[in-house]
Amino acid sequence: MPKFSKASMMKNLNNIILVGTLVLILGLVNWQIYQKEQHIHHGELIYLELAPVDPRSLMQGDYMALRFQISNDVRTALKQRQADEELARTNKQDNDSSDESEANQQWLQLPNSDGFVIVTVEKGNVGKYKALVNTIGKSKDNDIALADNEMRLQYRVRDGMIKFATNAFFFQEGHASVYEAAKYGEFRVNKQGAVLLTNMFDEDLNKLEPQISLQE
């Protein structure tokens, strides 16, 4: 029976650990790809309107910075929720101007959080803000009763910004002009309310994509 040195055994063990780690990483990556494909194929379709901005501030070489109108609606609602909670805590009805000013400064920065928003799905599958629901972990959001024309979308607050899946749409460099007409983002929504941005569309809900010219 051959004898193995301690060094060779350690080397073999390290190789086994390395191979096992690579297999695990590849498995996780493939699982994430599979989940994303299922999200795209089976998710419900909805379009969210972009917020009016200076088009020159959107294009950054090979991606378009995104800001959706619903993000502005969520921000306004969260600010109002902060104001209501602060008023309830202090239980003051007559605040002087200095107290209001100080409180308003505190409300400028929204804390990081995750939550859900209910949207009304209008003609053409365009989603419009309706109301906020409680943040994840504080209520059974999955049990929220929705009307046939309503949908629940997950949002995230990170560094004071409201995000729906992403705040950027990447495209091949040199095709910025194609997306200057963008008016809506196309999303797929799974049963948990998670959203995935898939494409950009113009005001008539025509898909924006580079035209491929065939040269003989």
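All residue numbers for the sequence shown refer to this note's numbering, where the first residue is -8 and numbers rise by one. Ideal Cβ positions, reconstructed from N, Cα and C, are used throughout, including at glycine. Given the structure is predicted, the values throughout are model-derived calculations rather than measurements.
1) I want to know whether the segment 168 to 180 touches the segment 64 to 75 - three or more CB-CB distances under 8 Å.
2) Among residues of its own chain, excluding the 5 on either side of Thr189, which ones have a beta-carbon nearer than 8 Å to its beta-carbon?
3) Rounded C-beta distance between Arg149 and Asn103? I'm assuming under 8 Å.
4) Per DSSP, what kind of secondary structure is Lys154 in: helix, strand or coil?
5) List the endpoints of the continuous beta strand (DSSP E) containing Arg58.
6) Helix, strand or coil, according to DSSP, for Gln145 in the structure here?
7) What residues in its chain sit with their C-beta under 7 Å from that of Ile135, if we drop five residues either side in the sequence?
8) Look at the Cβ atom of Phe162, then the Cβ atom of Tyr54, and state whether they are nearer than 9 Å.
9) Along the chain, where does the beta strand (DSSP E) containing Val169 start, and where does it finish?
10) Taking Cβ positions, are Glu141 and Val110 nearer each other than 9 Å?
11) In its own chain, which residues sit with a C-beta less than 6 Å from the C-beta of Val169, not counting the 5 before and 5 after it?
12) Would DSSP call Leu187 helix, strand or coil?
13) Going by C-alpha to C-alpha distance, which of Val20, Glu40 and Ser(-1) sits closest to Gly115?
14) Helix, strand or coil for Lys70, going by three-state DSSP, please let me know.
15) How should Met191 be labelled, buried or exposed, when 16 other C-beta atoms within 10 angstroms of its C-beta is the threshold for buried?
16) In chain order, what residues of the same chain have a beta carbon less than 6 Å from the beta carbon of Glu35, not counting five sequence neighbours either side?
Once the coordinates are examined:
1) no
2) Ile31, Glu177, Phe178 and Arg179
3) About 6 Å; that satisfies the 8 Å criterion.
4) strand
5) Premise fails: Arg58 is in no beta strand (DSSP E) and is neither H nor E.
6) strand
7) Annotation for Ile135: Val124 and Arg143 place their beta carbon closer than 7 Å to its own, counting only its chain and skipping 5 residues before and after.
8) yes
9) Premise fails: Val169 is in no beta strand (DSSP E) and is neither H nor E.
10) yes
11) Leu199 and Pro201
12) strand
13) Glu40
14) Lys70 falls in the helix class under three-state DSSP.
15) buried
16) Val180
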